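Engineer: Protein sequences appear in the order of chains A and B. Per the UniProt record's numbering, residue 1 is the first one in the first sequence, and the count goes up by one each step. Per the UniProt record's numbering, residue 1 is the first one in the second sequence, and the count goes up by one each step.
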Amino acid sequence: MTSAVSFQKVSRHFGSVRAVDAVDLDIVPGEFFAMLGPSGSGKTTCLRLIAGFEQPTSGSISIFGERAEGVPPYRRNVNTVFQDYALFPHLSVLDNVAYGLMVKGVGKPERQKAAEEALSLVRLPGYGARRPGQLSGGQRQRVALARALVNQPKVLLLDEPLGALDLKLRENMQEELKSLQKALGITFVFVTHDQGEALSMADRVAVFNDGKIMQIGTPEDIYQRPRTRFVADFVGSSNVLPPDFVERYSGQRRWGSLRPESIRVGRGAGGEGVAARLVSTNYLGATTKLALDADGLRLHAIVPAGTALPVEGEAVVLTFNREHLHLMDEPA
Amino acid sequence: MRSDRGQSAPRSLKAAAACGLLFLHLPLLLIFVYAFTTEEKSFVWPPPGLTTQWFAVTWNRPDVWQALSLSVRVAAISTAIALILGTLCSAAVSRTRFFGRETISLLVILPIALPGIITGIALRSAFSLADIPFSFWTIVLGHATFCVVVVYNNAVARFRRTSGSMIEASMDLGADGFQTFRHVVLPNIATALLAGGMLAFALSFDEVIVTTFTAGQQQTLPIWMLEELIRPRQRPVTNVVAMVVVLVTLLPILAAYYLTRDGDQIAGSGK
Chain A
1 MTSAVSFQKV SRHFGSVRAV DAVDLDIVPG EFFAMLGPSG SGKTTCLRLI AGFEQPTSGS
61 ISIFGERAEG VPPYRRNVNT VFQDYALFPH LSVLDNVAYG LMVKGVGKPE RQKAAEEALS
121 LVRLPGYGAR RPGQLSGGQR QRVALARALV NQPKVLLLDE PLGALDLKLR ENMQEELKSL
181 QKALGITFVF VTHDQGEALS MADRVAVFND GKIMQIGTPE DIYQRPRTRF VADFVGSSNV
241 LPPDFVERYS GQRRWGSLRP ESIRVGRGAG GEGVAARLVS TNYLGATTKL ALDADGLRLH
301 AIVPAGTALP VEGEAVVLTF NREHLHLMDE PA
Chain B
1 MRSDRGQSAP RSLKAAAACG LLFLHLPLLL IFVYAFTTEE KSFVWPPPGL TTQWFAVTWN
61 RPDVWQALSL SVRVAAISTA IALILGTLCS AAVSRTRFFG RETISLLVIL PIALPGIITG
121 IALRSAFSLA DIPFSFWTIV LGHATFCVVV VYNNAVARFR RTSGSMIEAS MDLGADGFQT
181 FRHVVLPNIA TALLAGGMLA FALSFDEVIV TTFTAGQQQT LPIWMLEELI RPRQRPVTNV
241 VAMVVVLVTL LPILAAYYLT RDGDQIAGSG K
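1. Using three-state DSSP, classify D21/A as helix, strand or coil.
2. What three-state label does DSSP hand D159/A in the structure shown?
3. Given a cut-off of 9 Å, decide if L194/B and C147/B are closer than it, judged by their beta-carbon atoms.
4. Return the chain-ordered list of same chain residues with a C-beta closer than 7 Å to the C-beta of F82/A, the five sequence neighbours on each side being excluded.
5. How should L29/B be labelled, buried or exposed, when 16 other C-beta atoms within 10 angstroms of its C-beta is the threshold for buried?
6. Quick one: any contact between the region 275-288 of chain A and the region 228-237 of chain A, if contact means 3 or more CB pairs under 8 Å?
7. Which residues bound the beta strand (DSSP E) around M173/A?
8. Go ahead and pull the three-state DSSP assignment for L91/A.
9. Please report the straight-line C-alpha distance between A16/B and H25/B, rounded to a whole angstrom.
10. Taking the Cβ atom as the reference point for each residue, do L36/A and A206/A lie within a distance shorter than 9 Å?
11. Quick check on I222/A: buried or exposed, where buried means 16 or more other Cβ atoms within 10 Å of its Cβ?
12. Quick one: give me the first and last residue of the beta strand (DSSP E) that S58/A is part of.
13. Measuring only between beta-carbons, confirm whether L297/A sits less than 9 Å from chain B.
14. Whose C-alpha, out of T214/B, D206/B, G216/B, is nearest the C-alpha of L226/B?
15. Within the same chain, show all residues whose beta-carbon is closer than 6 Å to that of I209/B, passing over the 5 residues directly before and after it, in chain order.
16. Helix, strand or coil for H324/A? Go by DSSP, reduced to three states.
17. Examine the Cβ distances between the region 212-225 of chain B and the region 129-140 of chain B and report whether three or more of them are shorter than 8 Å.
18. Exposed or buried, which one is Q195/A when buried takes at least 16 other CB atoms within 10 Å?
19. Give me the Cβ distance between H300/A and Q224/A, rounded to the nearest whole Å; I'm assuming they're in contact under 8 Å.
20. Does the Cβ-Cβ distance between K154/A and V78/A come in under 9 Å?
21. Using a threshold of 9 Å, state whether the C-beta atoms of E116/A and L94/A are closer than that.
22. Which value, in whole angstroms, describes the spacing of the CA atoms of R101/B and V185/B?
23. Can you list, in chain order, the residues of its chain with a C-beta nearer than 6 Å to that of I81/B? Leave out the 5 residues immediately preceding and following it.
24. Using a Cβ cut-off of 7 Å, which residues of the region 18-52 of chain A contact any Cβ in chain B, in chain order?
25. Does the region 230-248 of chain B touch the region 29-43 of chain B, meaning 3 or more C-beta pairs lie closer than 8 Å?
26. Name the residues in the region 103-124 of chain A whose C-beta lies less than 9 Å from a C-beta of chain B; which are they?
27. Suppose you measure from the CA of S78/B to the CA of R18/A; what does that come to, to the nearest Å?
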């Protein structure tokens, strides 16, 4: 089966900066694919390479089997939802949505009908006559989505589309995007720096750092079995354990990762486990995050709300199941 | 400041404002009055008598028509050149980064910062050096140097306010370069170009200094007026021309004012 998007050794350099560095990537048709990474990690440049706003310095890109290098954005069957939405302020909402069909020469009644349908799809029926300036942030985002979907793209690219929305709205949009993607069956490629967003929405996640892909896998893979220290730390702020520490518990001299929620915190000194001291507590609502110091090693533990907590500075004992200690591929 | 809205300003401030406006506009009325005077050799106040004969005299003087048509043609062509070059230059400076970008931006603005007499002398020596005979086109070139600046300034400010990803969005939705310019770029900068174009036209229309250096035998309207003031015959003809010019230019200026005002409301709403 041909990939929706395929990168072979793709690099994009800006002067001496390697924004994207020899990336290999295959996105399966119909999947919800997230590109996750800190700012400057190359994820947005990858998205722009797919859209055609950037051309690779080396390597080759194909979209549904067709070579994409040198093909301008307006000849790709790919549409983008921009971070700032990029709606046209001089056009009505309906004309914004119908824009793609208008430049392709679709007749007025036909394209307006299609635009109305796209607006219904994003639950904004009857908003066509308004100007983008009269809409709220969440509504503008839906218009941007409708404007891209009306062209029936093979791949929909979303560049941090939820970044500008407040928390509640963002959670609603996450669910809505996910069900929209299921219903339409279009390949979604989604760029985000929010690991929670990537894990909850995507079928597969690629974690970017320094222009390279650190790991590609299902959200569960990435979360439970990080391959490198960077992935363990960036996705879910796992405790990264040095080889010396890991050797004591697993017998293998490798870097390890231990989820904060896998650590049990017992009060009092002595007994089986890792001796540590409580540095600070951070109340998060449903859970409480504890910062601990185990003989110079800084660890985090997450305990459910309502657990009796030690006071700051108190000596504690940390225990965990051996199988929760994940050994990473990264060499010691 | 907001809280002062609706409250009346003190009477003294109103009086001062009225005096200021009168000081600015009374001389214009004076010009209008002298267009009707019966005294043709000098301007005396009050006019010894009123007549409308100067309108007929003006209408029948070919030199008036020549000067007027030359000025309109020069202003129209300079403005057209300025609209094209100013838009292209502002697009390059605000949309891309390249070596010497700041320098180009400064050099474009320079002609309006320099005294006109320097621009004039520089152009005159350059034309002589290059053996270019003074003609209609040398006047146009001289005017275009400062007309480009006003269009450029207006367009660059507008480009800065419009989101760069809009152009990418248009390309993404299938529009090629020309379609993007036609459907996205142009509508967004149109009012800025209109305002810049009107200003360029007005600047060119009443330009004297650069024109004296770059014109051959031709007389543009302002130069014709200057010459006319020295002659002791049929003086009110100048006033008739001035009055007609004021009235004719007022209409497009009012139109531009209303057009750009509405445009800004649309562009600015929701911010």
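All C-beta atoms, glycine included, are put in the ideal place defined by N, C-alpha and C. Note that the coordinates shown come from a computational prediction; the quantities given were computed from them, not determined experimentally.
Structural biologist: On the basis of the supplied data:
1. strand
2. strand
3. no
4. A144, D159
5. exposed
6. no
7. Counting along the chain, M173/A falls outside any beta strand (DSSP E), though it belongs to the alpha helix (DSSP H) covering 167-184.
8. Coil.
9. 14 Å
10. Pairing L36/A with A206/A gives a Cβ-Cβ distance under 9 Å.
11. buried
12. Here the beta strand (DSSP E) through S58/A covers 58-63.
13. no
14. When only C-alpha atoms are compared, the closest one is D206/B.
15. Listed in chain order, the non-local C-beta contacts of I209/B below 6 Å within the same chain comprise G116, I117, G120, local neighbours out to five positions each way being set aside.
16. helix
17. yes
18. buried
19. With a Cβ gap of about 17 Å, H300/A and Q224/A do not count as contacting.
20. yes
21. yes
22. Straight-line spacing of the CA atoms in R101/B and V185/B works out to 21 Å.
23. A144
24. A51
25. Output reads yes: the region 230-248 of chain B touches the region 29-43 of chain B.
26. V103, K104
27. 47 Å
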